[in-house]
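Input: a single structure, listed below in C-alpha cells.
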Amino acid sequence: KEKKADVESKSIIQVPDVRLSYLIRAVGEESSAYNSVMRISSLCENGSVVEQPTTKLPTLFIIPGLEGISSMMEPLSKNLDMQVLCLQYDMVGTSTTIEEMAASHYTLIEQRLSADQEFSIVGYSFGGLIAIEVLKLMEKNNRSGKLWLIDSAPQFLKMTTEFLIRGDNSPDQEIQVQLILRFLDLVWPHNKIDFINELYQVNTWEERLNYFFDEVPVDVVHNQNYQKQLLNSAYIKLKAILSYDGKPNGSLKTRALLIRPTEHVIPISEDYGLSEYFESAVTVHFVEGNHYSILENRKVAELISQSSSPKVL
1 KEKKADVESK SIIQVPDVRL SYLIRAVGEE SSAYNSVMRI SSLCENGSVV EQPTTKLPTL
61 FIIPGLEGIS SMMEPLSKNL DMQVLCLQYD MVGTSTTIEE MAASHYTLIE QRLSADQEFS
121 IVGYSFGGLI AIEVLKLMEK NNRSGKLWLI DSAPQFLKMT TEFLIRGDNS PDQEIQVQLI
181 LRFLDLVWPH NKIDFINELY QVNTWEERLN YFFDEVPVDV VHNQNYQKQL LNSAYIKLKA
241 ILSYDGKPNG SLKTRALLIR PTEHVIPISE DYGLSEYFES AVTVHFVEGN HYSILENRKV
301 AELISQSSSP KVL
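Now the structure itself:
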C-alpha cells in the first residue's frame, strides 16, 4: 500500500554548501557532560531543573544531536509546558553502534515509566536514529506512546554524513580529519592550512589526535582529557551513522511526526524515507529555519504540544 506524507505547503530553499558544522555546533560544559539524564528548563514548574517522577508530571524525553549535550536543546525546551528530560550520551562507555546506544537510552526511559504509562520521545538530528531504535524496543515490550523527529531520519543522516565527508581519501580518513578540523574551529579558531596538510600526512586516528593536542594550547577552555573523550565520542557516532542498517520493514505501529526546516541540504523525499519504517504515513511539517535555528522556532514546540494529547498524532 502506498504511503504519502501529510505535508504543509512550504517553499524549500536549497543550501548547497554544508560542512561538518552542520552536525556539530558546540562543545558542552564538562561539569554536566557525564550525566546520563539532565532535566532542562521549560515552562513547567517555573523552569525547575530538578527531575521529578514521570508519574507526577507530563514528561518528554529528548535525544539530542551529535554533540550529545542538553544545552543544545534548551531553545526548544523553554517553549514546552512539560518536564523535559534530555538523554545525554555516555562518552566513556563502550557502545559503538546505534543499536547499543539505543539500548542504554531505552533503559533510562523504562526506569522512569510506570507499568501502563505512555512514552513521549523527541529525536533531534543524530538523536533520531537512536529514537527509532528505542521505539523498536518499546514496541517489543508492548509500550505505546508518541515519537517526534526533528530534522532527522536514518536515510537523511546517512546521506548527509556521506555528503559531508566526501573527498579523495577513504571515508574513515575523511571523518577523522574533518572532525578534528571542526573541533579546532570550536576550541581554538586558527588558520587551518598547516593543520590540514599535517593531518593528512599521518595515518591513524591516534596519531591525528596526538598532533591536534600537540598544537592546541593547553589553556583552552576544556582540558585535554575531556576534549579527547568528546572527539572519540563524535568519531564513534559518525562511524555508527555510516554503518547503521536500521532494517526498515514498515512494522512500527507508533504514530510519528517529522518536523523539517524550510532550508535543506540534500535532495530527498519529503518524509526523509521514514514511511519505510512505519505502518502509518508519517506526518510532515515544514517550519521556518535551518537545522539549528528550527529549535528556536516556537512553532516546533507548538507542534509537539498540540500533538501530545492522547487522541492526536
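Residue numbers (the UniProt record's numbering): 1 to 313.
Beta carbons: idealized from backbone N, C-alpha and C, even for Gly.
If you follow the beta strand (DSSP E) that residue i is in, where does it begin and where does it stop?
i	result
methionine 72	It is not in any beta strand (DSSP E) - methionine 72 carries neither H nor E in the DSSP assignment.
tyrosine 124	119-124
tryptophan 148	145-150
leucine 60	59-63
isoleucine 40	37-40
residue 321	Since the first residue shown for the chain is 1 and the last is 313, residue 321 is missing from the structure and cannot be characterised.
Taking 8 Å as the threshold (C-beta atoms), are residue j and residue i in contact?
i	j	result
proline 261	histidine 291	yes
tyrosine 89	serine 243	no
alanine 240	threonine 96	yes
glutamine 83	leucine 66	no
histidine 285	leucine 274	no
residue 353	leucine 181	What the structure shows of the chain is the stretch from 1 to 313, and residue 353 is not part of that stretch, so it cannot be assessed.
serine 41	valine 49	yes
alanine 270	glycine 289	In the sequence under discussion, the amino acid at residue 270 is glutamate, which differs from the alanine named in the question. In this structure, glycine 289 does not lie closer than 8 Å to glutamate 270 by Cβ.
alanine 26	methionine 72	yes
valine 218	tyrosine 200	no
leucine 157	valine 300	no
serine 307	leucine 238	no
isoleucine 150	tyrosine 235	no
methionine 38	glutamine 229	no
tyrosine 272	leucine 164	no
glutamate 45	isoleucine 98	no
residue 391	glutamine 111	Residue 391 lies beyond the stretch modelled for the chain, which goes from 1 to 313, so this question has no answer here.
phenylalanine 278	glycine 250	yes
residue 314	glutamine 224	Residue numbering for the chain in the displayed model covers 1 to 313; residue 314 lies beyond these limits and cannot be assessed.
arginine 255	serine 280	yes
Measure the beta-carbon distance from residue i to residue j and round it to whole angstroms, keeping in mind my assumption that it falls under 8 Å.
i	j	result
leucine 179	leucine 231	7 Å
serine 152	serine 125	5 Å
threonine 55	glutamine 117	7 Å
serine 36	leucine 108	6 Å
glycine 123	isoleucine 63	5 Å
leucine 80	serine 305	7 Å
tryptophan 148	isoleucine 259	7 Å
phenylalanine 61	serine 120	7 Å
lysine 136	leucine 252	7 Å
Which residues mark the beginning and the end of the alpha helix (DSSP H) in which residue i is found?
i	result
glutamine 83	Element bounds for glutamine 83: not the alpha helix (DSSP H) but the beta strand (DSSP E), 83-87.
isoleucine 109	98-110
aspartate 183	The question names aspartate, but residue 183 in the sequence shown is phenylalanine. Counting along the chain, the alpha helix (DSSP H) containing phenylalanine 183 begins and ends at 171-187.
phenylalanine 195	193-201
valine 284	Per DSSP, valine 284 belongs to no alpha helix (DSSP H); it is in the beta strand (DSSP E), 283-287.
lysine 136	127-140
residue 323	This structure does not reach residue 323, given that the chain is present from 1 up to 313, and the question cannot be answered.
lysine 78	No alpha helix (DSSP H) holds lysine 78; DSSP gives it neither H nor E.
alanine 301	298-306
At 3 residues or longer, and completely inside the segment 203-255: list those beta strand (DSSP E) runs for me, N to C. none
Could you tell me whether the segment 160-180 touches the segment 139-147, using the rule of 3 or more Cβ pairs below 8 Å? no
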